[in-house]
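Heads up: the sequence shown at position 109 corresponds to 135 in the working numbering, and the numbers run straight through without jumps.
Where is the CB? At the ideal position from N, CA and C, for every residue including glycine.
All values derive from a computational prediction rather than experimental measurement.
The structure appears right after this line, and notes come after that.
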Amino acid sequence: MQLRTEKQVRELQEITIKTDTRDILSHATIQAEGIEDYFLVDIDAHVTETQFWSEIIELIDNDVIRQMGQAMAARPGTANTALLNSQPGVAFQNVYGRIPHQLTLAEAVDGSECHHFTHLARRSMDAMGLDYQVVFPTPMLVLGMHPQEDIEAAVGRAYNRWLIERILPDDERIKGLLYLPFNSPKACEDIVRDFGDAKGVIGFTVTCTRNRPVHHDQYMKLYAMIEETGKPLAFHSGFHWGDPSFLQLNRFISMHALSFVHYSLIHLTNWVINGLPERFPKLKLVWVESGLAWVPFIMQRLDHEFMMRVCEAPMLKRPPSEYIREMYFTSQPLERSNMKLLESTFDAMKAETQLLFASDWPHWDFDPPSSITTIPFLSEQAKRNILGLNAARVFNLEVKRMRPRAREVLAARPGVS
Numbered sequence: 027m028q029l030r031t032e033k034q035v036r037e038l039q040e041i042t043i044k045t046d047t048r049d050i051l052s053h054a055t056i057q058a059e060g061i062e063d064y065f066l067v068d069i070d071a072h073v074t075e076t077q078f079w080s081e082i083i084e085l086i087d088n089d090v091i092r093q094m095g096q097a098m099a100a101r102p103g104t105a106n107t108a109l110l111n112s113q114p115g116v117a118f119q120n121v122y123g124r125i126p127h128q129l130t131l132a133e134a135v136d137g138s139e140c141h142h143f144t145h146l147a148r149r150s151m152d153a154m155g156l157d158y159q160v161v162f163p164t165p166m167l168v169l170g171m172h173p174q175e176d177i178e179a180a181v182g183r184a185y186n187r188w189l190i191e192r193i194l195p196d197d198e199r200i201k202g203l204l205y206l207p208f209n210s211p212k213a214c215e216d217i218v219r220d221f222g223d224a225k226g227v228i229g230f231t232v233t234c235t236r237n238r239p240v241h242h243d244q245y246m247k248l249y250a251m252i253e254e255t256g257k258p259l260a261f262h263s264g265f266h267w268g269d270p271s272f273l274q275l276n277r278f279i280s281m282h283a284l285s286f287v288h289y290s291l292i293h294l295t296n297w298v299i300n301g302l303p304e305r306f307p308k309l310k311l312v313w314v315e316s317g318l319a320w321v322p323f324i325m326q327r328l329d330h331e332f333m334m335r336v337c338e339a340p341m342l343k344r345p346p347s348e349y350i351r352e353m354y355f356t357s358q359p360l361e362r363s364n365m366k367l368l369e370s371t372f373d374a375m376k377a378e379t380q381l382l383f384a385s386d387w388p389h390w391d392f393d394p395p396s397s398i399t400t401i402p403f404l405s406e407q408a409k410r411n412i413l414g415l416n417a418a419r420v421f422n423l424e425v426k427r428m429r430p431r432a433r434e435v436l437a438a439r440p441g442v443s
């Protein structure tokens, strides 16, 4: 890895909503020089969609809900929250406002040849040395808890249209997973049918933060439709302090640590025990943003129960852990505090073939590619697989270089000579 001059890294006194992405990620760009010949795919990055909320509301098909949203957005203080059920006052995700970069990406961009978000996505991809990046929404991650199912369906469809019509055509390096308003199975089926073949769409996503049984019969047609496309289904987790399970927790750190895993544990358990891997053997499943420490726990726990109660899982032909090892998981947030435990986790889940790199950018607790390259027990091939080759196989991506060289990215940053 080559050393850079001091001018190519600037010390930031604070990170604000206007801080340049390239400054925040300058160390990651330097690190990217050491992996120039890798193929890199980021399976989990985010757009703060409420920054462009008026664009999304105007794409709502339902006239009544669209007009409701526009009327709400016109009121003072509600322009970016109309129709949503997010709770900004208790999110605390940005360390009580101390690192607000993710709230609104308000940094300046040059030119207008593409959407503002596309400019910023290119900056993050170039700075981290990514060939492709998959974009998820952010406030909409809790839309599954919305009390009005028709609003989730309307907003979810509008977001998909915004992604397909405004963002994905701008840059082939940006990829999307269609948001499925899971509380309305028919609306999900319509989205798969209407948008599943759209350019840049490489899969489908269900937000985990919801209380719906994934094994219910009403979803079987949906799963069959997705399986036929050959594209994966991702369950993206999140937090919801209003869930009765978490009202006992008095600190954000406690709720944040448990909730992402909580929802994934429930949905994965229902998926496996009710035999969905046997019913849909070709459907590729991806679990996003729950970390990895929970995976060996649930494998061991379900196997233990299964050996005593086989009759309660009559569709299973193998122990639960064997089905889980065939699923895919994203790396962020990667629990690196104990390398011995992490190595055991990687071994249990067959990480070399089943783990997909994810950054979670622009959230301040993101993981750069070095979170994988610096793991001491991984082989060179395992690092290459996790950072991009596994994703290419799962999402049917062509393995080719799409990014500029790190040296060029560093040299092109404002203020660097």
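Do residue i and residue j have their C-beta atoms within less than 8 Å of each other?
{"i": "SER271", "j": "PHE286", "result": "no"}
{"i": "ALA417", "j": "GLU361", "result": "no"}
{"i": "VAL312", "j": "THR356", "result": "yes"}
{"i": "GLU75", "j": "MET166", "result": "yes"}
{"i": "ASP386", "j": "GLU315", "result": "yes"}
{"i": "PRO445", "j": "TYR245", "result": "Nothing in the structure corresponds to residue 445, since the chain is present only between 27 and 443."}
{"i": "ASN120", "j": "TRP297", "result": "no"}
{"i": "ILE324", "j": "THR295", "result": "yes"}
{"i": "THR235", "j": "TYR205", "result": "no"}
{"i": "ALA260", "j": "ILE299", "result": "no"}
{"i": "LEU203", "j": "ILE228", "result": "yes"}
{"i": "ALA250", "j": "PHE162", "result": "no"}
{"i": "GLY95", "j": "LEU109", "result": "yes"}
{"i": "LYS201", "j": "GLY226", "result": "yes"}
{"i": "ARG183", "j": "ALA213", "result": "yes"}
{"i": "ASP301", "j": "MET353", "result": "The amino acid at residue 301 is misidentified as Asp; the sequence shows Gly. No. Outside cutoff."}
{"i": "PHE332", "j": "PHE118", "result": "no"}
{"i": "MET428", "j": "ARG199", "result": "yes"}
{"i": "HIS293", "j": "VAL336", "result": "no"}
Just checking my contact of residue i with residue j at CB under 8 Å: how many whole Å lie between their CB atoms?
{"i": "ALA97", "j": "ALA105", "result": "The Cβ separation is near 11 Å, so there is no contact."}
{"i": "LYS343", "j": "GLU304", "result": "6 Å"}
{"i": "VAL152", "j": "PRO388", "result": "The question names Val, but residue 152 in the sequence shown is Asp. So it is not a contact: roughly 14 Å between Cβ atoms."}
{"i": "HIS72", "j": "THR144", "result": "Not a contact, Cβ separation roughly 14 Å."}
{"i": "ILE83", "j": "HIS141", "result": "Not really, about 16 Å apart at Cβ, beyond 8 Å."}
{"i": "LEU38", "j": "THR45", "result": "7 Å"}
{"i": "VAL181", "j": "HIS266", "result": "About 17 Å; that fails the 8 Å criterion."}
{"i": "MET375", "j": "VAL321", "result": "5 Å"}
{"i": "ARG148", "j": "ASP197", "result": "6 Å"}
{"i": "ILE91", "j": "ILE177", "result": "6 Å"}
Sorted by chain position, which residues of the same chain lie with C-beta nearer than 7 Å to residue i's C-beta, five sequence neighbours on each side aside?
{"i": "ASP329", "result": "PRO345, PRO346, SER347"}
{"i": "ARG433", "result": "GLU59"}
{"i": "MET281", "result": "PHE265, TRP267, PHE272, LEU275"}
{"i": "GLU175", "result": "ASN209, SER210"}
{"i": "VAL435", "result": "THR55, ASP152, ALA153"}
Within a Cβ cutoff of 8 Å, which residues of the same chain sit near residue i, ignoring the five residues on either side of it in sequence?
{"i": "VAL67", "result": "LEU156, ASP157, TYR158, GLN159, VAL160, LEU382, PHE383, LEU413, GLY414, ALA417, ALA418, PHE421, LEU423"}
{"i": "ILE43", "result": "PRO126, HIS127, LEU129, THR130, LEU131, ALA132, GLU133"}
{"i": "MET154", "result": "LEU51, ALA54, THR55, ALA58, LEU66, ASP68, SER385, TRP387, PRO394, PRO395"}
{"i": "MET27", "result": "Residue placement at MET27 cannot be trusted, given a pLDDT of 42 that sits under 50; what the coordinates show is reported in the next sentence. For MET27, where only same-chain residues beyond five positions count, the Cβ hits under 8 Å are ILE56, GLN57, GLU59, GLY60."}
I'd like the list of long-range same chain contacts for residue i, defined as Cβ closer than 6 Å, with 5 residues on each side in sequence excluded.
{"i": "LEU29", "result": "At LEU29 the pLDDT is 46, less than 50, meaning the model places this residue with poor confidence; the figure from the coordinates comes in the next sentence. Contacts found: none."}
{"i": "GLU32", "result": "The pLDDT assigned to GLU32 is 47, lower than 50, so where the model puts this residue is not dependable; a value taken from the coordinates is nonetheless given after this. Cβ within range, chain order: n/a, list empty."}
{"i": "ASN411", "result": "GLU378"}
{"i": "HIS242", "result": "none"}
{"i": "SER290", "result": "CYS234, SER263, TRP313, SER316"}
{"i": "ILE350", "result": "MET325"}
{"i": "PRO440", "result": "none"}
{"i": "ALA179", "result": "PRO207, SER210, ALA213"}
{"i": "SER112", "result": "PRO165, VAL168"}
{"i": "ARG187", "result": "LEU85"}
Is there a Cβ from chain C that is less than 8 Å from the Cβ of residue i?
{"i": "MET166", "result": "In the displayed structure, chain C is absent; only one protein chain is listed."}
Length at least 4, wholly inside the region 89–155: the alpha helix (DSSP H) runs in chain order = 89–99, 142–154
Count the C-beta pairs between the region 54–63 and the region 392–401 that are closer than 8 Å, then say yes if the count reaches three, no if not.
-> yes
Tell me, please, whether the region 122–132 touches the region 209–223 by the rule of three or more beta-carbon pairs shorter than 8 Å.
-> no
Tell me, please, whether the region 395–410 touches the region 73–93 by the rule of three or more beta-carbon pairs shorter than 8 Å.
-> no
Spell out a yes or no on whether the region 248–257 and the region 275–294 are touching, meaning 3 or more CB-CB pairs, one atom from each, closer than 8 Å.
-> no
Continuous beta strand (DSSP E) assignments of at least 3 residues falling wholly in the region 46–75 | 67–72
Considering only residues of the region 225–298, which uninterrupted beta strand (DSSP E) runs meet the minimum length of 3 residues and lie entirely inside it, listed in chain order?
-> 227–233, 259–262
Residue ranges of each alpha helix (DSSP H) run of no fewer than 4 residues wholly in the region 303–360, ordered along the chain?
-> 320–334, 346–350
Entirely within the region 352–432 and at least 4 residues each: give me those alpha helix (DSSP H) ranges in chain order.
-> 365–375, 377–380, 396–399, 406–410, 416–421
List in chain order: all unbroken alpha helix (DSSP H) runs of 4+ residues lying wholly within the region 147–212.
-> 175–188
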